[in-house]
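There are 2 protein chains.
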Amino acid sequence: MSKRISISSIAKDLGISITTVSFVLNGKAQEKRISDKLVKKVMDYVEKIDYKPNSLARSLRTGKSNIIGLIVEDISYPFFAAIAKEIEDKAYRNGYKIIYSSTENNVGKTKELLEMYKDKHVDGYIIVPPEGIEQEVNALYADGKPVVLLDRYLDGVEADYVTVNNEDSVYKAAQHLIQEGFKNIAFITLNSLQSQMQDRLSGYERAIKEAGLIPYIKEVSYDGGERTKKHISSFLQRNREIDSIVFATNYLCVSGLKAIKELGLRIPEHIAVVSFDDYELFEMYAPSITSIAQPTGAIAEQAINMLLSRLKKSSLDKKKQDVVLQTSFIVRESSKT
Amino acid sequence: MSKRISISSIAKDLGISITTVSFVLNGKAQEKRISDKLVKKVMDYVEKIDYKPNSLARSLRTGKSNIIGLIVEDISYPFFAAIAKEIEDKAYRNGYKIIYSSTENNVGKTKELLEMYKDKHVDGYIIVPPEGIEQEVNALYADGKPVVLLDRYLDGVEADYVTVNNEDSVYKAAQHLIQEGFKNIAFITLNSLQSQMQDRLSGYERAIKEAGLIPYIKEVSYDGGERTKKHISSFLQRNREIDSIVFATNYLCVSGLKAIKELGLRIPEHIAVVSFDDYELFEMYAPSITSIAQPTGAIAEQAINMLLSRLKKSSLDKKKQDVVLQTSFIVRESSKT
DNA sequence: TGTTTTTGCTAAAACGTTTTATTAATATTG
DNA sequence: CAATATTAATAAAACGTTTTAGCAAAAACA
């Protein structure tokens, strides 16, 4: 086993000082007036022995880790997995690595995660925030760590945001159903106070109100399957006049589709369906399901770009940015008369 | 801004030595014979000021980072996303964090990733290895870093493995089709030399040979959509006698389903379908698709357990372990006559 | 009592960098 | 020619830990 190679072993081998080696390695040769000859000597040697600086030592000294913390609700949801992929890819190309975690919308777990991330001296954060984490996020900001929030809004938090036009998207989706002639349009959503859910609900309510229709709102909790399906099923049975549904998320819609199938209802003849958040399944399903598609690529790109630019200039002075991206409405068979 | 709090500031505040504080903090008070009184004093103070050790400094000194590197093919594939979630969860509960990356089966990128991970002093690795990375993986092992390989096998590599019974699963799937009376059974796979793909192919070939049938093997490359579909489509058109297909992966099957639909063929009347790797879509599709389900939870759990146990005892002496988990065969409508 | 053991604690080195302050040598100026 | 400015390089401190080796006092022993 060869002796551990370090900046000081290089200095010794070359008969020069550690400082000089460090300057050369950090591209400060010009600024610090190291002679070209010496620069070349160092570079050649470093090349030859394939020296790689120890990033831990560097981080300890500089306080920068070149790590970005990514905190999403659940990395196994297609939406977040897709975003994670894009973010990782771009971060990697900029010399950053990603540490990720899933919050499962649990505030306690999220707080612990933030502790651990801080401890690892993460340089910046991309967070899909659960409710109740406002203080901690503000603390990060106060600590000079850039934060970009994703997917949802947090009141009274000084951070950059990337969201989509939730209200308007659902408004338009409901309008589409109205135009197609549906009269009793239901909205099935999570029992959650998260901003994106509230906004989607508002969009529905606005469209229904404008059209002078009766709102049918059902809030369910998502448990990954059976119970959610049951709740939707009994809701539909108790309100047989419902002729169409807007689902607030794609997994709720999947549960809904199962419920509808079990009830023996046909889409769209008996009941029309529109879902927020597109999903491969919706394209393939028979009938195919109309949906509101979020631009995952653009969301991820915006988020990582905003974070990287903050990291570059440590420009916490710049005013906070809100970016609202546009969804696209994909009309398929499930909503046409 | 309060002065940065460290082990030495604590020592100073308490009028004792750094060493003592460190010993107490690391639970070595007993061993090092620090008096109970002093231990309590330190602990109380640490509690009061909510001191958290700087993990960078600790890592620099100890060479341990408490970070696990997770390298998968593509974090946005449901299979890998599901595994990532489980691994992250368990690692987190054991005080480890996960850094992840996607290789996209690119050897060059993977090598770079391993460089970066080494640089970050990652303690252990869970890798879904692309072909051609054998040397680098062996180097990790030689370096004393535990490695667990996932999903596929690498010849001549000293590492723990977690895989599934690929050969046998496909053998049984083909047998199932044979028993259902299908005669011209095709196998559509990736043009890849990866072990899991080769094993799946072998299983198909064995079943076909045993039954004295003609093999129909089509290797395609996966491009995420259109071209793959076209290739499958033209393959089916050129071989109209084919009455059933086994797909080697779920995304190939999705492309296949699109091709089949476009050709106007009905499942299973005109053509039966079985896919490797279950997918939510298969359960919901009309007709529902028979599939070979991988136990993602068990795979992830095995992998992280094996890695954690190696990390605990740094027991590189222990012989390498191969764990082969069993898939389950889910018969649905697409393969029944 | 004098010697050895045990107890309780600590000094200082090491991990591998970055960066500030400084020095010595050379070049430029008045 | 002496004084000043520039060039080229370096010593040493700092980042915050862990850990080896050792020391002084108290206790146990002969």
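So the protein sequences, as listed, match chains W and D. Count the first sequence with the working numbering and you get residues 1 to 337, in order. Count the second sequence with the working numbering and you get residues 338 to 674, in order. Every residue, glycine too, gets a C-beta built ideally from N, C-alpha and C. Keep in mind the model is a prediction, meaning the values are calculated, not measured.
- At least one CB atom of chain D sits nearer than 8 angstroms to the CB of valine 254/W.
- Under the DSSP assignment, threonine 500/D falls in the beta strand (DSSP E) whose first and last residues are 497 to 501.
- For serine 59/W, the nearest beta carbon of chain D is closer than 8 angstroms to its own beta carbon.
- Looking only at Leu114/W, Tyr251/W, Lys37/W, the smallest Cα-Cα distance to isoleucine 16/W is reached by Lys37/W.
- The segment 598 to 609 of chain D and the segment 498 to 508 of chain D do not touch, with fewer than 3 CB-CB distances between them shorter than 8 angstroms.
- Non-local beta-carbon contacts of isoleucine 242/W in its own chain, meaning distances under 8 angstroms to residues more than five positions away in sequence, involve Asn184, Ile185, Ala186, Tyr216, Leu236, Ile271 in chain order.
- Judged by their CB atoms, serine 628/D and aspartate 615/D are nearer to each other than the 8 angstroms cut-off.
- Glycine 461/D has Ile405/D as its beta-bridge partners, per DSSP.
- Taken through DSSP and simplified to helix, strand or coil, valine 39/W comes out as helix.
- The three-state secondary structure of alanine 630/D, taken from DSSP, is strand.
- Within chain W, no residue has its beta carbon less than 9 angstroms from that of serine 672/D; the closest one is some 18 angstroms off.
- Using a Cβ-Cβ cut-off of 8 angstroms, lysine 28/W does not count as an interface residue toward chain D, since no Cβ of chain D sits closer than that to its own.
- The C-alpha of alanine 286/W is placed about 27 angstroms away from the C-alpha of glycine 203/W.
- Put simply, of Ser532/D, Ser392/D, Ala348/D the residue whose alpha carbon is nearest the alpha carbon of glycine 63/W is Ser392/D.
- Counting the other CB atoms within 10 Å of its CB gives aspartate 44/W a total below 16, which places it among the exposed residues.
- Taking 8 angstroms as the CB threshold, aspartate 223/W stays off the interface with chain D.
- Here DSSP, grouped into helix, strand and coil, assigns aspartate 659/D to strand.
- For isoleucine 217/W, the enclosing beta strand (DSSP E) stretches over residues 216 to 220.
- Under the Cβ criterion of 8 angstroms, proline 130/W is not counted among the residues facing chain D.
- Look at the segment 538 to 596 of chain D and you find these whole runs of beta strand (DSSP E), each 3 residues long or longer: 553 to 557, 581 to 584.
- The Cβ of serine 76/W sits closer than 8 angstroms to at least one Cβ of chain D.
- Under the three-state reduction of DSSP output, leucine 486/D falls in the strand class.
- In this chain, the beta strand (DSSP E) harbouring valine 610/D covers 609 to 613.
- Secondary structure note for phenylalanine 666/D: it is in no alpha helix (DSSP H), and the uninterrupted beta strand (DSSP E) holding it is 665 to 667.
- The segment 440 to 454 of chain D makes no contact with the segment 420 to 431 of chain D; the number of CB pairs closer than 8 angstroms stays below 3.
- In the DSSP assignment, phenylalanine 187/W is bridged to Ile217/W, Val246/W.
- Going by DSSP, serine 438/D is part of the beta strand (DSSP E) stretching over 434 to 439.
- With contacts defined as CB atoms closer than 8 angstroms, leucine 307/W and proline 146/W qualify as a contacting pair.
- Rounded to whole angstroms, the separation of the alpha carbons of serine 570/D and valine 660/D is 37 angstroms.
- Cβ-Cβ distances below 7 angstroms link aspartate 560/D to nothing in the same chain once the five nearest sequence neighbours on each side are left out.
- The beta-carbon of lysine 319/W is placed no less than 8 angstroms from the nearest beta-carbon of chain D.
- The beta-carbon of lysine 457/D is placed less than 8 angstroms from the nearest beta-carbon of chain W.
- In terms of Cα proximity to arginine 341/D, the closest of Gly461/D, Asp387/D, Ile408/D, Tyr462/D is Asp387/D.
- The Cβ atoms of valine 128/W and glutamate 73/W lie closer than 8 angstroms to each other.
- For asparagine 475/D, the enclosing alpha helix (DSSP H) begins and ends at 471 to 479.
- If you look at valine 358/D, you'll find it in the alpha helix (DSSP H) that goes 355 to 362.
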